[in-house]
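Written below as structure tokens is the structure these notes are about.
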Amino acid sequence: MNLYFNIDYRTVFGEELLLNCVDTDKSGNERVAQYRMATVDGLRWTCALELKKDNLARVLTYFYSVDCEGSERRHEWSTECHTLNLNLIKADTYRIFDKWIDIPEDSYLYSSVFTECVNRRKTAVVNPTAFAKTVRLVVRAPQLRGDQRLAVCGESDVLGAWNPAKAVPMYEHNFNEWIVDLNADAFEDDVIEFKFVALGSDEADPMWETGLNRTVETMDLEDGEAVVYELDQAFFELWNRKLAGTLVPLFSLRSTTSFGVGDFGDLRKMIDWVAQTRQRVLQLLPINDTTTTHTWTDSYPYSCISIFALHPQYADLGRLPALNDPKKRNDFEALRQQLNALSQIDYEQVNRAKLEYLKELYAQEGKALLKTPEYKAFFKEAQQWLVPYAQYCHLRDTYGTADFSRWPDHQTWNEADRAALSATTRKAYKQVEFYYFVQFILNSQMEAAHEYARKKGVILKGDIPIGVNRYGCDVWMEPKYFNLNGQAGAPPDDFSVNGQNWGFPTYNWEEMLKDDCAWWVRRFQHMRKFFDAYRIDHVLGFFRIWEIPADAVHGLLGQFTPALGMTREEIEAYGLRFQEEHFTTPFIADWVVDRVFRANAQRVKDTYLQHLHDDIWAMKPEYDTQKKVEAAFADATDEQALWLRDGLYALISNVLFVRDRKDPNRFHPRISAQFDFTYEALYDNDKAAFNRLYNDYFYRRNNHFWYREAMKKLPRLVQATRMLVCAEDLGMVPDCVPWVMNELKVLSLELQSMPKNPKVRFGYLEDNPYRSVCTISSHDMPTLRQWWDEDDERTQAYYSTMLHRSGGAPHPLPGWLARDIVSRHLCSPSMLCVLSIQDWLSIDERLRLDDPNAERINIPANPKHYWRYRMHMTIEDLMANESFRENVAELVAEGGR
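So the sequence shown is numbered by the UniProt record's numbering: it starts at 1 and just counts up by one.
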């Protein structure tokens, strides 16, 4: 069989096009065979392949790329590649005319959000034809709704003579890509004139594509030849879809059958409520396992120990076989009712009880269940991550700590252990089999919930944390991907004046890029089993991460990594004489100590400081890092001691520059230094010089550098699956972030209270881009009702300028006004408007809690926050409340969603 590929692509000197044919082996691994193309004019590129029919796959998948001296310069959109069906019975020659495909502006329509949930259609197998000469038309039409199909209608009688009722139907052989084979001998003319038409359930109302009529040539085909035309996208006058949704942590769900925490059974019930209220999106926080200590500190859902394993607390025990022992069954039921009656989650009791129940069930059912075909298929698919995870859990529980550096053996994963841990007859397997059992249950239940959501037309949106636990399985298994000598966090912002220290290791991107970010690709591809959309937590981390020294507690002493540090000469070019020792060590003068500690100044000097000269002091060696101070005050509980500790933290971070972690001859201005004493001590002209270099460094110097860093990673990741990609792009956002997000068609996050435009106090909802997620608050923020009462002056300004209401803003926020705010957000142009369950409930004063502070999920300034918020009413009660249900549905409809 002969294949002749043709594509128009304008290259520059030194560039050439490659044809990349993708093959997938039985294990699911992709292999790419590359073929160099030829050109005579630098525009029309051709390639000829001769394939043996007996070894030929029925479908050829391929894409084009640009090579320059052995290095790939760019390639086509890889989420949806070209596909060539080699199913023509009499064809032994195909002449293919392709179009180069960049990431389309409407790439979101190819996501599983639309193809599997909103516009759910089944793709078709194209029946082979036996034409001697074939003209094949291939076109993409992503705008079509779920009940529409594409047809081709044209001038010739063969194409219906412009009568849509007689149009030739096409087949959707790939998502949004339609195909039809035409008999070339049936056309009298060499040119075929036609248009595409969308046909719905109402055949009397066809929709023609916009634009001029199309034409293709039948060409002078010989018998056994087929010409394949890949055409420009068919465009129809259909409006963009806008969708509404709810954000709620899975652990916060409450139903009559819960075991003190939301679970996968509650998720199905919440899906029903979302569908009943005309919403289409249900967004969750991360659901991965976070167990390191078996205490409430594990409640932090963004500190996962495995990017693959699900948290055992989410097992729906009601969907599992009942325990045979009636006493144990009754005891667990009594405990379930007791825990389910609590206003907040008792993390330790819940997890202890659920694990105990699962162990009882494992003893009762495990032997039979682990012999089922379903389990064997799961193990085969998941074994790459499942086996190390199970051994990690066994060692963690055996040695009583997740800090694998303290384990007497197995301080890193040994691939040689895999065989014994996978053989059912080996002792090693028996030791970890329980963890296989639990993950099988969790994966089965979550996959079932995902499929249930799709059938209901509801999009499940997940969350990908930017970090992983320092003592988690991922670090233990593949330490080469992580830097353990620093801590990831965030610079100071409205949530935390000292910055945030998450304690996560930073990523060793140099190592990750060596295998084309395979770790991240596996992570994203695993997640698509459970979700159709996802939020990239702190997307700025793919541009640069805020890296904090290992001996720091707060985030003020961090620096962006990677970043272009400044040399002494560059600093002085701004007019600031660089005094290295003075600017990089804590500036502690008498007046600073007096200002911070007041009446306790002398006590601080005697205990924690040593005198250097004149009125200048330094920290004593035993207290010269924040971690040392933290250790010294480890047992402190009273306010006076904690105030003293925080003052010592402030002294240690009182520097003007921090030294680059890799190059000691480069420096970074310390974040928020203008609010500290070392800046206050500068002369006015030095302050002005520092401000100039500070603004250049943080907002201009690194922009193109960070753009290139992000483009090394994100294109591969966002195209690894068909999930809809949404980004949390809040905080100290450099200009290059929207460049990358626009290029990759990633949805931004828009909050009216945190506008992207620095010139306005509140964002204008009507300015939201379509490719965005609009919300009022997130899990890290105060709810709408809390925000309303935080700052009276700000609230009054919002009431007057944004809501355009006269008089004083009412406090607390009345339900009718909350409804108005919600309605305005739903009417925004954003593709998705996802509101927290607390903000939905705020519109009904009969349903919402009296105390809005009881609805807070997380306080970012507190690294040891207990994540235990639960809905105060059951999902059953929510569904039974017809008034609230209709209120929400009405708001969604009014917003055009």
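Quick reminder that beta carbons are idealized off the backbone N, C-alpha and C, glycines included.
Option nearest residue i by Cα separation, candidates the options
i: residue 655; options: 586, 618 and 8; result: 586
i: residue 302; options: 470, 690 and 761; result: 470
i: residue 215; options: 249, 288, 137 and 236; result: 137
i: residue 318; options: 267, 643, 11 and 24; result: 267
i: residue 602; options: 644, 661, 545 and 9; result: 644
i: residue 397; options: 295, 822 and 755; result: 295
i: residue 119; options: 458, 45 and 440; result: 458
i: residue 895; options: 700, 403 and 830; result: 830
i: residue 156; options: 851, 807 and 186; result: 186
i: residue 882; options: 543, 847, 897 and 721; result: 847
i: residue 49; options: 96, 30, 24 and 87; result: 96
i: residue 164; options: 178, 495 and 199; result: 199
i: residue 243; options: 114, 251, 334 and 140; result: 114
i: residue 176; options: 91, 82 and 259; result: 82
i: residue 648; options: 610, 664, 635 and 604; result: 604
i: residue 207; options: 247, 141 and 756; result: 141
i: residue 621; options: 720, 630 and 610; result: 610
i: residue 508; options: 348, 589 and 709; result: 709
i: residue 420; options: 391, 23 and 591; result: 391
Distance between beta carbons of residue j and residue i, contact taken as under 8 Å
i: residue 498; j: residue 555; result: 6 Å
i: residue 365; j: residue 321; result: 6 Å
i: residue 723; j: residue 533; result: 6 Å
i: residue 134; j: residue 184; result: 6 Å
i: residue 788; j: residue 753; result: Actually they do not touch by this definition, with Cβ atoms about 11 Å apart.
i: residue 813; j: residue 785; result: 5 Å
i: residue 338; j: residue 394; result: Contact doesn't hold; Cβ gap of about 30 Å is too wide.
i: residue 836; j: residue 777; result: 6 Å
i: residue 466; j: residue 516; result: About 20 Å separates the two Cβ atoms, so there is no contact after all.
i: residue 218; j: residue 192; result: 6 Å
Those residues which DSSP pairs with residue i across a bridge
i: residue 97; result: 6 and 229
i: residue 918; result: The requested residue 918 does not occur in the structure, where the chain is confined to residues 1 to 897.
i: residue 493; result: 496
i: residue 283; result: 247 and 461
i: residue 560; result: 546
i: residue 748; result: 772
i: residue 501; result: 489
i: residue 414; result: In the DSSP output, where bridge partners are listed per residue, residue 414 has none listed.
Bounding residues of the beta strand (DSSP E) (the contiguous stretch that carries residue i)
i: residue 486; result: 482 to 490
i: residue 21; result: 15 to 24
i: residue 633; result: Per DSSP, residue 633 belongs to no beta strand (DSSP E) and is neither H nor E.
i: residue 271; result: Looking at the DSSP string, residue 271 is not in any beta strand (DSSP E); the run it does join, the alpha helix (DSSP H), is 264 to 276.
i: residue 82; result: 82 to 85
i: residue 669; result: 667 to 669
i: residue 610; result: 609 to 613
i: residue 133; result: 133 to 140
i: residue 30; result: 30 to 36
i: residue 171; result: 171 to 174
i: residue 149; result: 149 to 154
Residue i: CB within 8 Å of a non-hydrogen atom of the ligand ZN
i: residue 327; result: With respect to the ligand ZN, the structure offers nothing, as it holds no ligand at all.
Opening and closing residue of the alpha helix (DSSP H) in which residue i lies
i: residue 654; result: Looking at the DSSP string, residue 654 is not in any alpha helix (DSSP H), and its letter there is neither H nor E.
i: residue 705; result: 703 to 718
i: residue 789; result: 784 to 790
i: residue 394; result: 373 to 399
i: residue 805; result: Segment: none, residue 805 is in no alpha helix (DSSP H) and carries neither H nor E.
i: residue 477; result: 473 to 477
i: residue 359; result: 347 to 369
i: residue 837; result: 837 to 841
Is the segment 679 to 689 touching the segment 612 to 620 in the sense that three or more CB pairs, one from each, lie closer than 8 Å?
-> no
The segment 460 to 478 contacting the segment 279 to 291, beta-carbon criterion three pairs below 8 Å = yes
Touch check for the segment 852 to 870 and the segment 495 to 511: three-plus C-beta pairs under 8 Å?
-> yes
Hey, is the segment 478 to 495 in contact with the segment 835 to 847, meaning 3+ C-beta pairs nearer than 8 Å?
-> no
Does the segment 739 to 747 come within contact of the segment 756 to 774, defined as at least 3 CB pairs closer than 8 Å?
-> yes
Per the contact definition of three or more C-beta pairs closer than 8 Å, is the segment 431 to 445 in contact with the segment 269 to 276?
-> no
Between the segment 57 to 73 and the segment 8 to 18, are three or more C-beta pairs nearer than 8 Å?
-> yes
Are at least three pairs of beta-carbons, each pair with one atom in the segment 535 to 553 and one in the segment 561 to 578, less than 8 Å apart?
-> yes
Does the count of Cβ pairs from the segment 563 to 580 and the segment 690 to 705 closer than 8 Å reach three?
-> yes
Per the contact definition of three or more C-beta pairs closer than 8 Å, is the segment 28 to 45 in contact with the segment 2 to 12?
-> yes
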